[in-house]
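A.B. asks: Its first residue numbered 118, the sequence shown is counted upward by one per residue in my numbering.
So that we are looking at the same thing, I have put the structure below in structure tokens.
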Amino acid sequence: MAYVISNDCIACGSCIGECPVEAISEGEIYKIDPDVCTDCGTCADTCPSEAIHPA
Ligand code: SF4
Ligand code: SF4
């Protein structure tokens, strides 16, 4: 299990600093590395676009 970022991402950058395991990387749409994500959900709470959801 891992959280995923959808096309609703506006690349605001809010989530990247909130991940305790640094699973999120920058881009036109930010991405979560499913091998690193621990499914904690912290990033989803910070997203203003509600672009982050459990897979
Ligand atoms: Fe990081 Fe937790 Fe978001 Fe996974 S769910 S990317 S571990 S903040
Ligand atoms: Fe994209 Fe949401 Fe992360 Fe902002 S907080 S970069 S909109 S996924």
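Note that CB positions come from ideal geometry on N, CA and C, so glycine has one too.
Helix, strand or coil for Ile133, going by three-state DSSP, please let me know.
C.D. replies: helix
A.B. asks: Is Ile169 buried or exposed, if buried means 16 or more other CB atoms sit within 10 Å of its CB?
C.D. replies: buried
A.B. asks: For ligand 1, any of its heavy atoms closer than 6 Å to the Cβ of Ala140?
C.D. replies: Checking every heavy atom of ligand 1 against the Cβ of Ala140, one is found closer than 6 Å.
A.B. asks: My understanding is that Lys148 touches Ile122, with C-beta atoms under 8 Å, so please give their C-beta distance in whole angstroms.
C.D. replies: 6 Å
A.B. asks: Return yes when the C-beta of Ser131 is under 6 Å from any heavy atom of ligand 2, and no when it is not.
C.D. replies: yes
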